[in-house]
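Visitor: Heads up: the sequence shown begins at 1 in the UniProt record's numbering, then just goes up one per residue.
Note that the Cβ used here is the ideal one computed from N, Cα and C, for glycine as well.
Could you have a look at this structure, given as structure tokens, before my questions?
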Amino acid sequence: MKFTRTDHMQLLPHMQDVGSDIMDEILKERASYKPEIYSEADVKAALNAKHCSLENLKALLSPAAAPFLEPIAKLAQAKTRANFGSNITLFTPLYIANYCDNLCVYCGFNAKNNIKRAKLSDEEITRELREISKSGLEEILILTGESETNSSVAYIANACALAKKFFKVVGVEIYPLNSEGYALLHKSGADYVTVFQETYNPTKYEKIHLGGNKRIFPYRLNAQERALLGGMRGVGFAALLGIDDFRLDAFATALHASLVQKKYPHAEIAFSCPRLRPIINNDRINPRDVGERELLQVICAYRIFMPTASITISTREKAKFRDNAVKIAANKISAGVKVSIGAHGEEKKGDEQFEISDDRSVDEIKAMIKANGLEPLMSEYVYV
Numbered sequence: 001m002k003f004t005r006t007d008h009m010q011l012l013p014h015m016q017d018v019g020s021d022i023m024d025e026i027l028k029e030r031a032s033y034k035p036e037i038y039s040e041a042d043v044k045a046a047l048n049a050k051h052c053s054l055e056n057l058k059a060l061l062s063p064a065a066a067p068f069l070e071p072i073a074k075l076a077q078a079k080t081r082a083n084f085g086s087n088i089t090l091f092t093p094l095y096i097a098n099y100c101d102n103l104c105v106y107c108g109f110n111a112k113n114n115i116k117r118a119k120l121s122d123e124e125i126t127r128e129l130r131e132i133s134k135s136g137l138e139e140i141l142i143l144t145g146e147s148e149t150n151s152s153v154a155y156i157a158n159a160c161a162l163a164k165k166f167f168k169v170v171g172v173e174i175y176p177l178n179s180e181g182y183a184l185l186h187k188s189g190a191d192y193v194t195v196f197q198e199t200y201n202p203t204k205y206e207k208i209h210l211g212g213n214k215r216i217f218p219y220r221l222n223a224q225e226r227a228l229l230g231g232m233r234g235v236g237f238a239a240l241l242g243i244d245d246f247r248l249d250a251f252a253t254a255l256h257a258s259l260v261q262k263k264y265p266h267a268e269i270a271f272s273c274p275r276l277r278p279i280i281n282n283d284r285i286n287p288r289d290v291g292e293r294e295l296l297q298v299i300c301a302y303r304i305f306m307p308t309a310s311i312t313i314s315t316r317e318k319a320k321f322r323d324n325a326v327k328i329a330a331n332k333i334s335a336g337v338k339v340s341i342g343a344h345g346e347e348k349k350g351d352e353q354f355e356i357s358d359d360r361s362v363d364e365i366k367a368m369i370k371a372n373g374l375e376p377l378m379s380e381y382v383y384v
């Protein structure tokens, strides 16, 4: 495959321009955020604020907030219980293909990484779905590598239609599409879309996305808007913490979500909170300055800033941390996770995107939730 080094800030001819000014607002605010200028008094003011402002959010994400992690967590927990009760929603991802056309230096699916590639057939997808459904789960997230060549929109739409036969709620985490592509997926059964921006620093973004459609920064950033224009009910946001300054990226992620919520009031907003993880052929990749305390600080800041947003905690994290996260601020957790292709069925067909740290089954996750006085929830949606 031949790659051309394109201008990462210019849309390619096939990429839809939604005419949004949200990106400019995010980049302006991110560039002006200086975490080190916030004080203990700023953090206390944020904790006592009736509504969390952008300035309050900046303080909660700052180094000055680190000694206040316990009261921050208590406030986040109170907001979680007020908006979600004791319910913790369960789901699992299903990777149906790992072909990729991009050159992302931190990702196991990188087009030039020497891994076993695979793409599930209809029969294999159905077998995986049936096997997962036996666990009692009612929500599934369909994932592919970012290759429209090998995993077309029609292929993914068909997978959504198959999934809807087994699950009430179907999400997708795939390469960004134009709004008509999202409309097709929605018509086929998809309810929500998650897109990781990875980093909101355009300079760093260019250095780590060397080729492929993913190199185009604004097309990825505006994906959630196109998904909503295509009829999706919900959209998810995430930075891959550890790629760049995690405080700035967490701030930009939260701002992005809030601006989309303001523009599309009907949209259901969700956050994922992933950190860098080692990949096949490169076990040196790590989140550097993002420890578990820092990650919890980010998760709690998201909850305080957007109390009604869904927050998912990934199997990239250790079991103990995930257990604590659902007690405090996360309201959604994956269970029975297998990140290689075909791993739920008879045999693994393709390699995984990254290493996971929590391989507990659905029953084990349900037991953990109940042990913490919470209620495992398979789905809160009723379709008529």
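Can you tell me whether DSSP reads Val193 as helix, strand or coil?
Guide: Working through the sequence shown from its first residue, we reach residue 193 at position 193. Three-state DSSP puts Val193 in a strand.
Visitor: Report the residue ranges of all alpha helix (DSSP H) runs contained in full by the segment 216-263; include only those spanning at least 4 residues, in chain order.
Guide: DSSP runs (the alpha helix (DSSP H)) wholly in the segment 216-263: 217-221, 223-229 and 246-263.
Visitor: Any C-beta of chain C sitting closer than 7 Å to the C-beta of Asn87?
Guide: Absent here is chain C; the protein component of the structure consists of one chain.
Visitor: For Ile174, which option in Tyr155, Leu60 and Glu146 has the closest C-alpha, if you only look at C-alpha atoms?
Guide: Within the sequence shown, residue 174 is the residue found at index 174, counting from 1. Minimum Cα distance to Ile174 is reached at Glu146.
Visitor: For the beta strand (DSSP E) containing Val169, list its first residue and its last residue.
Guide: Against the sequence shown, residue 169 aligns to sequence position 169. Its beta strand (DSSP E) spans residues Val169 to Glu173.
Visitor: When we look at the beta-carbon of Thr308 and count the other beta-carbons within 10 Å, is it buried (16 or more) or exposed?
Guide: Counting from one through the sequence shown, the residue named residue 308 turns up at place 308. Under this definition Thr308 is an exposed residue.
Visitor: Have a look at Ile156 and Leu185 and give me their C-alpha separation to the nearest angstrom.
Guide: Within the sequence shown, numbered from 1, the residue matching residue 156 stands at position 156. Within the sequence shown, numbered from 1, the residue matching residue 185 stands at position 185. Those two C-alpha atoms are separated by around 7 Å.
Visitor: The alpha helix (DSSP H) that contains Thr126, what's its start and end?
Guide: As a position in the sequence shown, residue 126 is number 126, starting the count at 1. Asp122 to Ser133 is the extent of the alpha helix (DSSP H) around Thr126.
Visitor: Runs of 4 residues minimum, wholly inside the segment 40-125: which ones carry the alpha helix (DSSP H) assignment?
Guide: You should have 40-48, 54-60 and 69-84.
Visitor: Would you decide whether His51 is buried or exposed? Buried here means 16 or more other CB atoms lie within 10 Å of its CB.
Guide: Numbered from 1 along the sequence shown, position 51 holds the residue referred to as residue 51. Classification of His51: exposed, given that the 10 Å Cβ count is below 16.
Visitor: Beta-carbon separation of Val326 and Ala250 under 7 Å?
Guide: Looking up residue 326 in the sequence shown gives position 326. Looking up residue 250 in the sequence shown gives position 250. Cβ distance not < 7 Å, so Val326 and Ala250 don't count as in contact.
Visitor: Report yes if the C-beta distance between Met378 and Asp323 is below 7 Å; otherwise report no.
Guide: As a position in the sequence shown, residue 378 is number 378, starting the count at 1. As a position in the sequence shown, residue 323 is number 323, starting the count at 1. Cβ distance not < 7 Å, so Met378 and Asp323 don't count as in contact.
Visitor: Per the DSSP calculation, Ser20 is bridged to which residue(s)?
Guide: Within the sequence shown, the letter at position 20 stands for residue 20. Answer by DSSP bridge pairing: none, since Ser20 is not bridged.
Visitor: Are the segment 58-66 and the segment 306-321 in contact at 8 Å, needing three or more beta carbon pairs?
Guide: Contact fails: fewer than three Cβ-Cβ distances are below 8 Å.
Visitor: Taking C-alpha atoms, which residue in Val339, Asp245 and Phe196 lies nearest to Val290?
Guide: For the purposes of this step, residue 290 is taken as the residue at position 290 of the sequence shown. Answer by Cα proximity: Asp245.
Visitor: Counting only the same chain and skipping the five closest in sequence on each side, list residues whose C-beta sits under 8 Å from that of Pro265.
Guide: Along the sequence shown, one-based indexing puts residue 265 at 265. So no residue of the chain qualifies.
Visitor: Compare the beta carbon distance of residue 392 and Ala252 with 7 Å and say whether it is the shorter of the two.
Guide: Because the chain is modelled from 1 through 384, residue 392 falls outside the range shown and cannot be assessed.
Visitor: Go ahead and pull the three-state DSSP assignment for Leu177.
Guide: As a first step, residue 177 must be located in the sequence shown, where it is residue number 177. Here Leu177 sits in coil by DSSP.
Visitor: Met23 and Leu221 - do their beta-carbons sit closer together than 7 Å?
Guide: Within the sequence shown, the letter at position 221 stands for residue 221. Within the sequence shown, the letter at position 23 stands for residue 23. Yes, Cβ-Cβ distance for Leu221 and Met23 is below 7 Å.
Visitor: With H, G and I counted as helix, E and B as strand and the rest as coil, what does DSSP make of Leu143?
Guide: Your numbering for residue 143 matches position 143 in the sequence shown. Looking at Leu143 - three-state DSSP - the assignment turns out to be strand.
Visitor: Relative to the C-alpha of Asn158, which residue among Ala223, Gly136 and Glu123 is closest?
Guide: The sequence position of residue 158 within the sequence shown is 158, counting from 1. Ranking Ala223, Gly136 and Glu123 by Cα distance to Asn158 puts Glu123 first.
Visitor: How about Glu268 and Gly234: are their beta carbons less than 7 Å apart?
Guide: One-based indexing of the sequence shown puts residue 268 at position 268. One-based indexing of the sequence shown puts residue 234 at position 234. Yes. Within cutoff.
Visitor: Looking at the secondary structure, which residues open and close the alpha helix (DSSP H) in which Pro376 lies?
Guide: Taking the first residue of the sequence shown as position 1, residue 376 is located at position 376. Element bounds for Pro376: not the alpha helix (DSSP H) but the beta strand (DSSP E), Glu375 to Leu377.
Visitor: I think Pro376 touches Leu94, with their Cβ atoms under 8 Å apart; what is that distance to the nearest whole Å?
Guide: By 1-based counting over the sequence shown, the position of residue 376 is 376. By 1-based counting over the sequence shown, the position of residue 94 is 94. Between Leu94 and Pro376 the Cβ distance is about 19 Å, and since that is not below 8 Å, they are no contact.
Visitor: Identify the residues that DSSP records as bridge partners of Phe271: which are they?
Guide: Looking up residue 271 in the sequence shown gives position 271. BP columns for Phe271 point to Phe237 and Ile311.
Visitor: Helix, strand or coil: how does DSSP classify Ala371 here?
Guide: As a working mapping, residue 371 is identified with position 371 in the sequence shown. Helix.
Visitor: In whole angstroms, what separates the C-alpha of Thr203 from that of Gly136?
Guide: Numbered from 1 along the sequence shown, position 203 holds the residue referred to as residue 203. Numbered from 1 along the sequence shown, position 136 holds the residue referred to as residue 136. Thr203 and Gly136: Cα-Cα distance of roughly 44 Å.
Visitor: Any idea which residues DSSP pairs Ser334 with across the strands?
Guide: What you label residue 334 is simply residue 334 of the sequence shown in a count that begins at 1. DSSP, once it has assigned bridges, lists Phe91 as partnering Ser334.
Visitor: Quick one: give me the first and last residue of the alpha helix (DSSP H) that Gln297 is part of.
Guide: Translated into the one-based positions of the sequence shown, residue 297 becomes position 297. From DSSP, the alpha helix (DSSP H) with Gln297 extends over Glu292 to Phe305.
Visitor: Is residue 392 helix, strand or coil by DSSP?
Guide: Since the first residue of the chain shown is 1 and the last is 384, residue 392 is not available in this structure.
Visitor: Our contact map puts Ala118 next to Asn98 with C-beta atoms below 8 Å; I'd like the distance itself, whole angstroms only.
Guide: What you label residue 118 is simply residue 118 of the sequence shown in a count that begins at 1. What you label residue 98 is simply residue 98 of the sequence shown in a count that begins at 1. Going by Cβ atoms, the distance from Ala118 to Asn98 rounds to 6 Å, so yes, they are a contact pair.
Visitor: Do Thr144 and residue 468 have their beta-carbon atoms positioned less than 7 Å apart in this structure?
Guide: Look at the range of the chain in this structure, 1 to 384, and you will see that residue 468 is not part of it.
Visitor: Tell me, to the nearest whole angstrom, how far the beta carbon of Val105 is from that of Leu210; I am working on the premise that it is less than 8 Å.
Guide: Taking the sequence shown and counting its residues from 1, one reaches residue 105 at position 105. Taking the sequence shown and counting its residues from 1, one reaches residue 210 at position 210. The pair is a contact, with the Cβ atoms about 7 Å apart (cut-off 8 Å).
Visitor: Mapping the DSSP letters down to three states, classify His209 as helix, strand or coil.
Guide: Locating residue 209 in the sequence shown gives position 209, counting from the first residue. Three-state DSSP puts His209 in a strand.
Visitor: For Ser334, is the classification buried or exposed, using 16 other Cβ atoms within 10 angstroms of its Cβ as the cut-off for buried?
Guide: The sequence position of residue 334 within the sequence shown is 334, counting from 1. Result: buried.
Visitor: For Ala76, which residues from the same chain have a beta carbon less than 7 Å from its beta carbon, with the 5 sequence-adjacent residues on both sides left out?
Guide: To locate residue 76, count along the sequence shown from 1; it is residue 76. Same-chain partners within the cutoff: Cys300, Arg303, Ile304, Ile328 and Ala329.
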